[in-house]
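Trainee: Just dropping this structure here.
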Amino acid sequence: MALPSTGLSAFARLLAQSPAHCCKRRTLFGLNVKINKAGGAWKQRCCSYSILLSRASVCCSTQKGNMSVSHQNSQSKIDGKKSMCPNSTRSTHTGIPGDDFLFRQLLEYKSYTYTYLLADTHSMEAILIDPVIDTVDRDVRLVKDLGLKLIAAANTHVHADHITGTGELKKRVPGCLSYIAEVSGAQADVKVKEHDIIKFGRFQLEARSTPGHTDGCMTYVWHEKGMVFTGDALLIRGCGRTDFQQGSASTLYDSVHQKILSLPEHYCVFPAHDYTGQTMSTVGEEKQFNPRLSKPKSEFVEIMTKLNLPYPKQIDVALPANLVCGVFDVPTGPAV
Ligand SMILES: [Fe+2]
1 MALPSTGLSA
11 FARLLAQSPA
21 HCCKRRTLFG
31 LNVKINKAGG
41 AWKQRCCSYS
51 ILLSRASVCC
61 STQKGNMSVS
71 HQNSQSKIDG
81 KKSMCPNSTR
91 STHTGIPGDD
101 FLFRQLLEYK
111 SYTYTYLLAD
121 THSMEAILID
131 PVIDTVDRDV
141 RLVKDLGLKL
151 IAAANTHVHA
161 DHITGTGELK
171 KRVPGCLSYI
181 AEVSGAQADV
191 KVKEHDIIKF
201 GRFQLEARST
211 PGHTDGCMTY
221 VWHEKGMVFT
231 GDALLIRGCG
241 RTDFQQGSAS
251 TLYDSVHQKI
261 LSLPEHYCVF
271 PAHDYTGQTM
281 STVGEEKQFN
291 PRLSKPKSEF
301 VEIMTKLNLP
311 YPKQIDVALP
321 ANLVCGVFDV
331 PTGPAV
């Protein structure tokens with residue numbers, strides 16, 4: 001897998017300039033990075049770095065103000081400042097996406113479902129939000145490739161359009177626990193309630209109950225990174241339907257306004273689906289541009305009542321399966 005030279009140059013410059021580049025693991029420009037000191041050369045202001053990107057391997061070293069970069073069999077010289085290697089051993093910087101955490105948005109393209117992989121790149125503990133049974137192979141491989149420890153698989157609700165991958169993940173990944181809202185009535189290792197916390201490494205998600213699409217809809221908020229995973233409660237310029245699965249337009253309107261659109265406007269919105277090719281929005285954007293939820297409540301309820309959507313194709317298969325973790329014979333409790 002070839003890295004673009006511009007990305008590699010920028011990566012090298014950032015490593016050289018960053019006062020916190022001596023941490024063990026970081027991510028930069030979406031790369032999962034493992035940084036190692038190079039033995040005695042450390043004292044001579046010379047560091048080596050190994051970058052892990054799936055099966056590709058990149059090595060960088062700094063010496064006497066220049067940074068030479070080797071990528072597989074090719075080498076190139078990149079200008080860089082002299083590496084100073086401070087005493088700090090951990091990065092505390094959280095401003096750059098990917099700096100101390102990993103975030104992947106993954107698509108299941110039959111139901112247009114987004115699965116989210118979040119991880120702390122120090123402890124390597126990871127969580128999957130809304131995994132799909134059809135893409136469990138991909139997700140397990142990615143977790144393995146990146147050296148992550150998957151400790152949780154959380155559903156935002158009992159889905160009607162696909163079968164959750166939670167049960168399969170529990171089978172294949174020892175120690176992975178399933179999460180879903182207690183109100184949903186579905187089986188899971190952990191039944192989540194309002195304001196419950198799901199921890200992974202140094203990070204945590206806050207669960208916010210957002211019923212209306214279903215009774216058991218949960219929105220997960222990653223306050224440290226300004227991200228909110230809204231399931232079907234809030235979609236990009238839309239929202240989940242409210243005409244089945246205990247749906248209520250009035251309830252959904254209150255949930256979204258009180259629990260999601262009340263967050264700071266810069267928070268990034270990551271929904272469970274998008275059917276138009278968009279990947280994210282923000283709280284501020286949706287407050288201003290959502291054609292349904294920016295309206296007064298009475299108008300929203302009228303819009304939702306008149307949608308006249310077709311009966312979901314997968315609902316008769318998906319609902320019973322999702323009430324039992326996606327697989328009928330998966331026991332609850334950690335896999336061993
Ligand atoms: Fe849904």
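336 is the number that full-length UniProt numbering gives the last residue of the sequence shown; the numbers go up by one with no jumps.
Backbone N, C-alpha and C define an ideal beta-carbon position, used for all residues, glycine too.
Where does E168 land, buried or exposed, given buried means 16+ other C-beta within 10 angstroms?
Mentor: buried
Trainee: May I ask whether a heavy atom of ligand 1 can be found less than 7 Å away from the beta carbon of F318?
Mentor: The sequence given here places Ala at residue 318; Phe does not occur at that position. The answer is no for A318.
Trainee: Counting beta carbon pairs with one atom in the stretch 178-190 and one in the stretch 305-318, are three or more of them shorter than 8 Å?
Mentor: The stretch 305-318 makes no contact with the stretch 178-190, as fewer than three CB pairs between them are under 8 Å.
Trainee: Kindly examine ligand 1 and report whether one of its heavy atoms sits closer than 7 Å to the Cβ of D189.
Mentor: no
Trainee: Going by the C-beta, is G240 closer than 7 Å to any heavy atom of ligand 1?
Mentor: yes
Trainee: Determine, using beta carbons only, whether T121 and D100 come nearer to each other than 8 Å.
Mentor: Yes, the Cβ-Cβ distance between T121 and D100 is below 8 Å.
Trainee: Specify the secondary structure class of Y253 as computed by DSSP and reduced to three states.
Mentor: Looking at Y253 - three-state DSSP - the assignment turns out to be helix.
Trainee: Less than 8 Å between the C-beta atoms of L252 and C239, yes or no?
Mentor: yes
Trainee: Do you know offhand how far K313's Cα is from E285's?
Mentor: 31 Å
Trainee: Could you have a look at V324 and say whether DSSP puts it in helix, strand or coil?
Mentor: coil
Trainee: Taking the beta strand (DSSP E) that Q204 belongs to, which residues open and close that run?
Mentor: Q204 -> beta strand (DSSP E) spans F203 to S209.
Trainee: Under a Cβ-count criterion, where at least 16 other Cβ atoms within 10 Å of its own Cβ denotes burial, should H162 be classed as buried or exposed?
Mentor: buried
Trainee: So, using beta-carbon positions, are T230 and F203 closer together than 8 Å?
Mentor: no
Trainee: Taking 8 Å as the cut-off, does the stretch 236-250 touch the stretch 202-220 (at least 3 CB pairs, one atom from each stretch)?
Mentor: yes
Trainee: Between the stretch 259-266 and the stretch 141-156, can you find at least three pairs of beta-carbon atoms closer than 8 Å?
Mentor: no
Trainee: V221 lies in the alpha helix (DSSP H); which residues open and close that run?
Mentor: Run containing V221: none in the alpha helix (DSSP H); it sits in the beta strand (DSSP E), M218 to W222.
Trainee: Pairing CB atoms from the stretch 143-152 with CB atoms from the stretch 287-306, are three or more of them under 8 Å?
Mentor: no
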